[in-house]
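In the numbering used here, the protein residues as written are 23 to 175.
In this text, a Cβ means the ideal position worked out from N, Cα and C, and glycines have one as well.
Values in this document were obtained by computation on a predicted structure and should not be read as measured data.
Data first, discussion second: the structure below is written as C-alpha cells.
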Ligand SMILES: [Zn+2]
C-alpha cells in the first residue's frame with residue numbers, strides 16, 4: 023500500500039481484494055500518513071513568514087508587510103486567506119504536499135490582497151508579477167478537478 027502525489031493528483035494504491043469499507047479505511051489512513059510526512063518536510067511558520075517577505079520584496083516592491091504568516095488546518099475551502107486589518111496570512115495545510123512554486127503563488131496572491139482586497143484588474147496585475155502565476159493557477163485548478171473536496175481559489 024502506498025500514497026503519493028503525482029502533480030495535482032494524489033494516488034493511493036491499495037490491494038484489490040479489500041472490501042469497500044476496508045478500502046475506505048485504508049485510503050484514509052494512507053492519506054493521513056502522507057499528510058504527516060509532508061508536514062514534517064514543510065516549511066515551519068517562521069520559515070513561511072521569511073518566504074512571504076522575500077516574495078514581497080522580489081515581486082511586489084516590498085509593499086505588503088504581513089504581520090504573521092501561518093499554516094492553518096482550518097482552511098478546507100480555501101488555499102489561503104488574509105486579514106487586511108492586522109495583515110495576517112493563513113495557508114491551508116493542504117498546500118504542504120505541493121511544489122514550492124505553487125505555495126509561492128498562493129503567498130503572492132494573499133500578499134497582493136493586503137494591497138488590493140478584491141479580485142479586480144489591479145489585483146491581478148500585481149499577482150501576474152509572479153512569473154509562474156498562470157501555471158500555478160492551472161495546477162490548483164487541476165487539484166480541484168481531480169479532488170472533489172479540494173478548495174477553490
Ligand atoms: Zn483571492
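Leaving out five residues on either side along the sequence, give the residues of the same chain with a beta carbon under 8 Å from the beta carbon of residue i.
i           : result
residue 183 : Summary: the structure shown does not reach residue 183, with the chain confined to residues 23 through 175, and so no result is reported for it.
residue 89  : 108, 109, 110
According to DSSP, residue i sits in a beta bridge with which residue or residues?
i           : result
residue 114 : 94
Please list the terminal residues of the continuous beta strand (DSSP E) segment that includes residue i.
i           : result
residue 25  : 24-28
residue 103 : 102-105
residue 34  : 31-35
Just checking residue i against ligand 1 - is the residue's beta carbon closer than 8 Å to any of the ligand's heavy atoms?
i           : result
residue 81  : no
residue 99  : no
residue 141 : yes
residue 58  : no
Enumerate in chain order the residues of its own chain whose CB-to-CB distance from residue i is below 6 Å, with the five nearest sequence positions on each side excluded.
i           : result
residue 135 : 104
residue 56  : 25
residue 139 : 106
residue 201 : Any answer about residue 201 is impossible in this case: the structure gives the chain only from 23 up to 175.
Residues in the same chain with beta-carbon distance under 7 Å from residue i, minus the five sequence neighbours each way, listed in chain order, please.
i           : result
residue 102 : 111, 112, 113, 114, 128, 131, 132
residue 49  : 34, 36
Give the range of the alpha helix (DSSP H) segment to which residue i is assigned.
i           : result
residue 49  : 42-63
residue 80  : 67-81
residue 124 : 122-137
residue 144 : 143-149
Tell me whether residue i is buried or exposed, calling it buried when 16 or more other Cβ atoms sit within 10 Å of its Cβ.
i          : result
residue 59 : exposed
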